[in-house]
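Engineer:
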Amino acid sequence: MPQGQPTAVPDDGLTTRQRRNRPLVMVHTGPGKGKSTAAFGLALRAWNQGWPIGVFQFVKSAKWKVGEESALKVLGASGEGGTVDWHKMGEGWSWIQRDSELSNEEKAREGWEQVKRDLAAEKYRLYVLDEFAYPMHWGWIDTDEVIQVLRDRPGTQHVVITGRNAPEKLVDFADLVTEMTKVKHPMDAGQKGQKGIEW
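Per the UniProt record's numbering, residue 1 is the first one in the sequence shown, and the count goes up by one each step.
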């Protein structure tokens with residue numbers, strides 16, 4: 001298996017192994033297709049390593065059935081790799097009894113509070129915070145607080161955040177940032193999304 005070679009090695013006192021195994025904050029942003037898909041691909045790698053995975057979908061409606069959800073739930077229950085917990089804001093965060101009474105902004109805040117509790121408890125090794133860039137962009141969740149929580153998280157927990165318009169402060173803080181740029185899309189020619197491609 002080829003190993004990537006860093007272009008520079010900082011003088012930070014860490015060993016090569018310590019630096020290699022440092023937990024990452026990753027951001028998938030930009031106007032192009034594939035931000036969530038890339039994060040779910042990362043979750044497949046994490047599942048293969050036996051890591052517990054927590055997926056938190058912050059914006060997508062509960063009616064939106066993504067194929068990755070079905071696949072990762074089956075894999076998580078198979079007993080062969082890591083476990084997978086999947087939470088959707090639109091169908092009610094499983095830990096909130098009064099979810100139907102809350103606005104989307106309040107639901108996003110409740111979801112973030114749960115992520116904070118899970119990070120503090122080191123519940124997962126990989127967190128997929130799908131569409132989490134939106135609540136920060138809209139001002140529902142304070143970006144500075146998110147950065148501080150992620151900076152102070154214990155253990156070796158990796159976090160990937162998806163969504164357009166990721167705040168600049170988050171982009172500057174993150175270890176790995178990918179911007180998906182649309183070059184061409186069938187919707188530009190009037191074609192709607194289709195099974196197996198969009199979901």
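From the three backbone atoms N, C-alpha and C, an ideal C-beta is built for every residue, glycine too.
Between G82 and V74, what straight-line distance do the alpha-carbon atoms span, to the nearest angstrom?
Structural biologist: 11 Å
Engineer: Is G82 helix, strand or coil by DSSP?
Structural biologist: coil
Engineer: Going along the chain, which unbroken runs of the alpha helix (DSSP H) with 4 or more residues stay wholly within the UniProt region "Disordered" (1-21)?
Structural biologist: Runs of the alpha helix (DSSP H) lying entirely within the UniProt region "Disordered" (1-21), each at least 4 residues long, are 16-20 in chain order.
Engineer: Tell me the DSSP bridge mates of K192?
Structural biologist: Answer is none; K192 lacks a bridge partner.
Engineer: Beta carbon of H158, beta carbon of R125: below 8 Å?
Structural biologist: Using a Cβ distance threshold of 8 Å, H158 and R125 count as a contacting pair.
Engineer: Give a yes or no on whether the C-beta atoms belonging to A43 and V55 are separated by under 8 Å.
Structural biologist: Annotated as proximal: A43 and V55, with beta-carbon spacing under 8 Å.
Engineer: So, at 7 Å on beta carbons, what are the nonlocal neighbours of L176 in its own chain, with the 5 sequence-adjacent residues on each side left out?
Structural biologist: L24 and M26
Engineer: For M1, which residues of its own chain have a beta-carbon under 6 Å away from its beta-carbon, when the five flanking residues on both sides are left out?
Structural biologist: Note on M1: pLDDT 47, under 50, position unreliable in the model; no value is reported.
Engineer: Could you give the DSSP three-state label for I147: helix, strand or coil?
Structural biologist: The answer is helix: DSSP assigns I147 an H, G or I state.
Engineer: Here's a check: name, in chain order, each residue in its chain whose Cβ is nearer than 6 Å to the Cβ of G36, leaving out the five neighbours to either side.
Structural biologist: In the sequence on display, residue 36 carries Ser and not Gly. Contacts found: D130 and T162.
Engineer: Does the Cβ-Cβ distance between I147 and L170 come in under 8 Å?
Structural biologist: yes
Engineer: Can you give me the start and stop residues for the alpha helix (DSSP H) that M187 sits inside?
Structural biologist: Segment: none, M187 is in no alpha helix (DSSP H) and carries neither H nor E.
Engineer: Taking only the alpha-carbon atoms, compute the straight-line gap between D121 and V149 and give it to the nearest angstrom.
Structural biologist: Looking at the sequence provided, one finds Ala at residue 121 rather than Asp. Each residue's alpha carbon lies about 13 Å from the other.
Engineer: Let me confirm a value: A189 is counted as buried when at least 16 other C-beta atoms fall within 10 Å, else exposed. Which label applies?
Structural biologist: The residue is exposed, with fewer than 16 neighbouring Cβ atoms inside 10 Å.
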